[in-house]
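Participant: In the numbering used here, the protein residues as written are 1051 to 1476. A virtual CB, placed ideally from N, CA and C, is assigned to each residue, including glycine.
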Amino acid sequence: MSDGKRLQFWVLYLTRFAEGFGFITLLTLLPTYINTLDPQATTVLGLTISAGFIIGMYTTGFTLAQTAAVVPLAWAGDRFDKRTVLLVLLAAGAGVYALFPVVDSSASFIAIRALQGVVVTGAGLMSLSLVGQIATTGTRAKAIGRANAASFAASILGSLLAGAIYDAVGFGPVFMSIVALMIIAWVGLYGLLDADDTRVEGFPFTDLALNRKILTITSFRFQYAFAVTMVRTWVPIYAGTAMASGGLGVAATAVALTVTAEKATNMVGQLFTGRLSDRTGRAMFVFAGGGAYGVVSLAIPFSTDLGALLGTPLSLPILGSVPPAYVPLVLLSGLLGVVDSFREPASMALFADEGTEDGGVAASFGIRELVWRPGSVIGPLLAGWLMVEVSMASVFVVGGAFAITGALAFLGILAYDYGRNALTAW
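1. Counting Cβ pairs closer than 8 Å, one from the region 1257–1275 and one from the region 1319–1329, do we hit at least three?
2. What is the rounded straight-line gap between the Cα of L1473 and the Cα of G1290?
3. Flag this pair as yes or no: are the beta carbons of S1018 and I1267 separated by less than 8 Å?
4. When DSSP builds the beta bridges, which residues end up paired with L1366?
5. Scan the region 1185–1244 and note each continuous alpha helix (DSSP H) run of 4 residues or more that stays entirely inside, going in chain order.
6. If you draw a straight line from the C-alpha of A1443 to the C-alpha of T1362, how long is it?
7. Can you list, in chain order, the residues of its chain whose CB lies under 7 Å from that of L1076, leaving out five sequence neighbours each side?
8. Would you mind sorting N1085 into buried or exposed? The rule is 16 or more other CB atoms within 10 Å of its CB.
9. How big is the Cα-Cα spacing for G1449 and R1282?
10. Report buried or exposed for N1198, applying the criterion of at least 16 other Cβ atoms within 10 angstroms of its Cβ.
11. What number of angstroms, rounded off, separates the C-alpha of L1364 from the C-alpha of A1433?
12. Determine the extent of the alpha helix (DSSP H) in which P1430 is found, giving its start and end residues.
13. Between which two residues does the alpha helix (DSSP H) carrying L1140 extend?
14. Is it buried or exposed for G1370, if we count other Cβ within 10 angstroms and need 16 for buried?
15. Is it right to say R1133 is buried, meaning 16 or more other beta carbons lie within 10 angstroms of its own, or is it exposed?
16. Which residues in the same chain have their Cβ closer than 8 Å to the Cβ of Y1083, if we skip the five residues on either side of it in sequence?
17. At what residues does the alpha helix (DSSP H) containing R1282 begin and finish?
18. Checking 8 Å against the spacing of the C-beta atoms, do A1212 and P1395 come in under that value?
19. For N1316, count the other beta carbons within 10 Å of its own beta carbon; 16 or more makes it buried, fewer makes it exposed. Which is it?
20. Is D1403 helix, strand or coil by DSSP?
21. Could you check if Q1058 is buried or exposed, using at least 16 other CB atoms within 10 Å of its CB as the buried criterion?
22. Please work out which residues of its chain come closer than 6 Å, Cβ to Cβ, to I1173, disregarding the five sequence neighbours upstream and downstream, and give them in chain order.
23. Is the Cβ-Cβ distance between L1243 and V1372 less than 8 Å?
24. Give every residue of the same chain whose Cβ lies closer than 8 Å to the Cβ of Y1147, excluding the five residues on either side of it in the sequence, and list them in chain order.
25. Could you name the residues of the same chain whose beta carbon sits closer than 8 Å to that of A1375, not counting the 5 residues immediately before and after it, in chain order?
26. So, at 6 Å on beta carbons, what are the nonlocal neighbours of S1156 in its own chain, with the 5 sequence-adjacent residues on each side left out?
27. Do the CB positions of T1308 and L1379 come within less than 8 Å of each other?
28. Just to confirm, is the Cβ distance from A1413 to W1125 under 8 Å?
29. Excluding the 5 residues flanking G1143 on each side, which residues of the same chain have their C-beta closer than 6 Å to its C-beta?
30. Run the CB neighbour count on G1416, radius 10 Å, all protein chains shown included, and call it buried at 16 or more, exposed below.
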């Protein structure tokens, strides 16, 4: 690989880091904004809007904007220069993050969060599309794995630093650091990234939506979105919720460790698993990683039994006293990151392969985003209902079942198409 091409990858990895840092910082500070803005019920045109609905819109407004932005931004990336689109989005992102310190109401926060959703979605689509397009077929999953590792690194650092910086100096410096990262990434892209000379006429979503490979991977991804959204979200909820509600009731620092374990193992894993899937094929990694995610999820409700069996410590440095289930939960969370690191770069490379071959790599990643949306919206609602009406354990059982049925559906379609070569065909 030439030095010029290597630098293009690195500046795209920096862009992924800046995007991930901004996203996780807002997520970390969301409770602080709720406390600061103190949303109250209000009446609009005779309709009473509850405080709970307004708080929900802090996140849902972001998600809805993301969903609405996918198709037009993906189309623009394929129709015009992805580099230019990405530069515009990063410049807009710097402006959006500079606005957060001056938020003074729930309405303004929801509006700016919506703009953030557009920036996060567009920057993610364009950066991954460019990584997939620049890489060759034999190195694509490796390059995507490294791009994802950069995003995970930002998630870990952002979640650890955001609260500390806020406690020390307030909102302003937190967001100025994000603005600085965005500007550095913009300068790097402008100076080092070659112009994108691919142009796709028409509306590539139409053809790609009927692409056999994309339909097959979609059969898995649609179900897997429920699994990941439910399990990944509820691991920290399980750790931190009071024992009376079915949780472990550990302190915030201990909860953060359960999240960090999953992100850290996923980050490190993707530095290697993408390269492996480039060499040995993608389908096997998607099936094995997705199915294993379901199996590990099913083990989480047995954390207490595992703790008793393994004789895990009940007191840890810094954290103090912890229940028997805590150490197994951290280990299982880390294992979730390991198995997901096998699935993710291989799955993303499949979308990139098809998009590059059919002339619509941004549209291909756009379809990937849209397929994830139902699970990311409905999954938490389903998990919340299960937690209250059934049990905490049922969240992980149902979430794990979604991963396993998704993997089996994927295998079934491949077996129908390729017989004994199902897992080695792609």
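Facilitator: According to the structure data:
1. No: fewer than three Cβ pairs fall under 8 Å.
2. Taking the straight line joining both Cα atoms gives about 39 Å.
3. Any question about residue 1018 goes unanswered here, given that the chain covers just 1051 to 1476.
4. For L1366, DSSP records a beta bridge to G1370.
5. As far as the region 1185–1244 is concerned, its whole alpha helix (DSSP H) runs of at least 4 residues are 1190–1219, 1221–1242.
6. Roughly 21 Å separates the two Cα atoms.
7. By the criterion of a C-beta distance shorter than 7 Å, L1076 is surrounded in its chain by Q1166, once the five residues flanking it on both sides are discounted.
8. That one is exposed.
9. Just so you know, the alpha carbons of G1449 and R1282 end up roughly 9 Å apart.
10. Sixteen is the threshold: when 16 or more other Cβ atoms of the shown chains lie within 10 Å of the Cβ of N1198, as they do, the residue is buried.
11. If you take the alpha carbons of L1364 and A1433, they lie about 29 Å apart.
12. That run of the alpha helix (DSSP H) goes 1411–1439.
13. Going by DSSP, L1140 is part of the alpha helix (DSSP H) stretching over 1132–1149.
14. Counting Cβ neighbours within 10 Å, G1370 comes out exposed, since fewer than 16 surround it.
15. The residue is buried, with at least 16 neighbouring Cβ atoms inside 10 Å.
16. Residues of the same chain with a CB within less than 8 Å of the CB of Y1083, apart from the 5 flanking positions on each side, are Y1108, V1153, F1159 in chain order.
17. Element bounds for R1282: 1262–1290.
18. No, the Cβ-Cβ distance between A1212 and P1395 is not below 8 Å.
19. Counting C-beta atoms within 10 angstroms of its own C-beta, N1316 has 16 or more neighbours from the protein chains shown and is therefore classed as buried.
20. Here D1403 sits in helix by DSSP.
21. With 16 or more other Cβ atoms within 10 Å, it is buried.
22. In the sequence on display, residue 1173 carries Ala and not Ile. Closer than 6 Å at the Cβ level, and outside the excluded window around A1173, lie E1069, L1139.
23. No, the pair does not count as a contact, with Cβ atoms beyond the cut-off.
24. Taken in chain order, the residues that qualify are G1072, Q1166, F1225, I1228, V1229, M1232.
25. Closer than 8 Å at the Cβ level, and outside the excluded window around A1375, lie L1298, S1353, T1354, L1356, G1357.
26. Excluding sequence neighbours, S1156 sits near L1087, P1089, I1104.
27. It is a contact, given that the beta carbons lie within the stated cut-off.
28. Yes, these two residues count as a Cβ contact at 8 Å.
29. Here the set comprises V1169, M1232.
30. With 16 or more Cβ atoms within 10 Å of its Cβ, G1416 is classed as buried.
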